[in-house]
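In our numbering, the protein residues as written are 1139 to 1288.
Structure record follows, encoded as C-alpha cells.
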Ligand code: SF4
Ligand code: SF4
C-alpha cells in the first residue's frame, strides 16, 4: 500500500479519495458483514450476529476479500455514488458513514491510533461474537438479533 498522508480524511472528500485512501477508511469492525433483518412494514433494520459465510470470526475480516464476489455476489461494494442508498443499514460507527455525514472518526479508529487492534479493544467490533450463517436457519436469525456494539 502506498503511504497515506496524515489525517487525509479530514481534508479530502470521500468523492476525491484514491482507492488506497478509500480502502484504508475501513476500521475492520466487521459489522457490515453481519446479516441484517428488515421490517417490511416499517423499513427498520436490525443487526444480527449471524455472519456472512466468508467472515472470519477470529480475524474479524473477510476470508476471501479480493475474490469474495465469486462466492457472495450480493456483497455490496461501497462507493460515493451508492452511499446515500446504503446509509440506512450501515453501522453507526462505520467510518464511511461518519465521514459521509460530516462527523469525525473515533479515536479508536486504526487510522488515528495507528493500531488495527484498537477497534477490537474498544469493544465496537464483531470479533469473537458471531455465529456462521451456515449453522443457523434463516427462519431463526431473529433469535440472534443484537444491539450494535458502539
Ligand atoms: S462497517 Fe464500515 S468500517 Fe466497519 S467493517 Fe464495514 S465498511 Fe469497514
Ligand atoms: S463477502 Fe466478505 S466483505 Fe462481503 S459481507 Fe461477506 S465477509 Fe463481508
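A virtual CB, placed ideally from N, CA and C, is assigned to each residue, including glycine.
- For the options 1141, 1168 and 1142, the alpha carbon positioned closest to that of residue 1233 is the one of 1168.
- Annotated as proximal: residue 1188 and residue 1269, with beta-carbon spacing under 8 angstroms.
- In this structure residue 1213 is in contact with residue 1207, their Cβ atoms being roughly 6 angstroms apart against a cut-off of 8 angstroms.
- Its chain contains 1169, 1185, 1229, 1230 and 1231 as the residues whose beta carbon lies nearer than 8 angstroms to that of residue 1286, once the 5 sequence neighbours on both sides are disregarded; these appear in chain order.
- Under the three-state reduction of DSSP, residue 1208 is assigned to helix.
- When secondary structure is reduced to three states using DSSP, residue 1191 falls in the coil class, being assigned neither helix nor strand.
- The alpha-carbon separation between residue 1205 and residue 1164 amounts to approximately 18 angstroms.
- Cβ-Cβ distances below 8 angstroms link residue 1280 to 1175 and 1186 in the same chain, with the five nearest sequence neighbours on each side left out; the list follows chain order.
- Excluding its 5 nearest sequence neighbours in each direction, residue 1227 has C-beta neighbours in its own chain below 8 angstroms: 1174, 1176 and 1183, listed in chain order.
- Only residues of its own chain outside the window of five on either side were considered, and among them 1171, 1172, 1173, 1200, 1210, 1213 and 1271 have a CB closer than 8 angstroms to the CB of residue 1190, listed in chain order.
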